[in-house]
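Novice:
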Amino acid sequence: MKRVTPVLLILLLAGTGAAALTTVYGMVHGVAAIDGPTFYAGEDNQLLVNTPPKNTAVYTLESEGLSFDTELFSSDRLDEPDFYPITADLTVMARLNTTDSEPLRMTFGHFNSTGAYTLCSERVQVTGDTYQTYTAQCDAEIQPVNVEHFYYQLEERTGADHVRYDVKVDGATRVEVDIQ
């Protein structure tokens, strides 16, 4: 025990001395890469945070004339006071199930106690009767504040006679968030 005490005392003094030198001669700086979350569309209209869905589901968006159809995926309650400014890659795995085609709108936003807020929204032109991945990038129009839930909405709005899309939810339909 007599030999351990001097060694511990020397280590304590050396650590204190190094901390004092850092304070006098400068600061320790570092750079960290922070990845934003990925939100995955899942079964039962869930929006999963950083967890791809375990099962595959197919949602159908169909409209006729001047009507529209929408699917809204919502996260569990988050209670994030504020969120950083973002850019987002909005991705959907979809196929056209009719001959008419109209752009498919993808919207990412959040809910709080005062309402729903669109962060960004883009359209993609879905073509072909086989599933393909479509991605659009957008910058947030506003900074998310008092976030309770995030949402990802897919909307088909048409002036055509009949449009039908099938959207596959298997991890490919998602929102990847990057910090601005």
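Following the numbering used here, the numbering of the sequence shown begins with 22 at its first residue and continues without gaps. Idealized CB from N, CA, C, for every residue including glycine.
Does DSSP put Asp56 in a helix, a strand or coil?
Specialist: Of the three classes helix, strand and coil, the one that applies to Asp56 here is coil, per DSSP.
Novice: If you check the beta carbons only, do Leu125 and Glu177 fall under 8 Å apart?
Specialist: Cβ atoms of Leu125 and Glu177: closer than 8 Å.
Novice: Let me make sure I understand the geometry here. Which of Ser134, His183, Asp121 has the alpha-carbon closest to that of Val166?
Specialist: Among Ser134, His183, Asp121, the Cα nearest to that of Val166 is on Ser134.
Novice: Could you tell me whether the segment 148 to 167 touches the segment 52 to 71, using the rule of 3 or more Cβ pairs below 8 Å?
Specialist: These segments do not touch.
Novice: Taking the alpha carbon of Pro102 as the point to measure from, which residue in Val168, Val196, Glu85, Leu175 has its own alpha carbon closest?
Specialist: Cα-wise, what sits closest to Pro102 is Val168.
Novice: Just to confirm, is the Cβ distance from Val190 to Gly63 under 8 Å?
Specialist: Yes, they are a contact pair.
Novice: What are the boundary residues of the beta strand (DSSP E) that Thr77 is part of?
Specialist: Neither: Thr77 is in no beta strand (DSSP E) and is coded neither H nor E.
Novice: Assign Glu92 to one of three DSSP states: helix, strand, or coil.
Specialist: Looking at Glu92 - three-state DSSP - the assignment turns out to be strand.
Novice: Go to Leu69, then tell me how far its beta strand (DSSP E) extends in each direction, as first and last residue.
Specialist: Where Leu69 is concerned, the enclosing beta strand (DSSP E) stretches over 68 to 70.
Novice: For Leu99 and Leu140, what's the separation of their Cα atoms in angstroms?
Specialist: Distance between the alpha carbons of Leu99 and Leu140 is about 17 Å.
Novice: For Ser122 and Tyr186, I'd like the C-alpha separation in whole angstroms.
Specialist: About 9 Å.
Novice: Could you tell me whether the Cβ atoms of Val198 and Pro106 are closer together than 8 Å?
Specialist: The answer is no: Cβ separation not under 8 Å.
Novice: Could you tell me whether the Cβ atoms of Leu175 and Glu143 are closer together than 8 Å?
Specialist: It is not a contact, given that the beta carbons lie outside the stated cut-off.
Novice: Take Arg195 and list the residues in its own chain whose beta-carbon comes closer than 7 Å to its own, dropping the five residues that flank it on each side.
Specialist: The answer, listed in chain order, is Thr59, Phe60, Tyr61, Ala62, Thr112.
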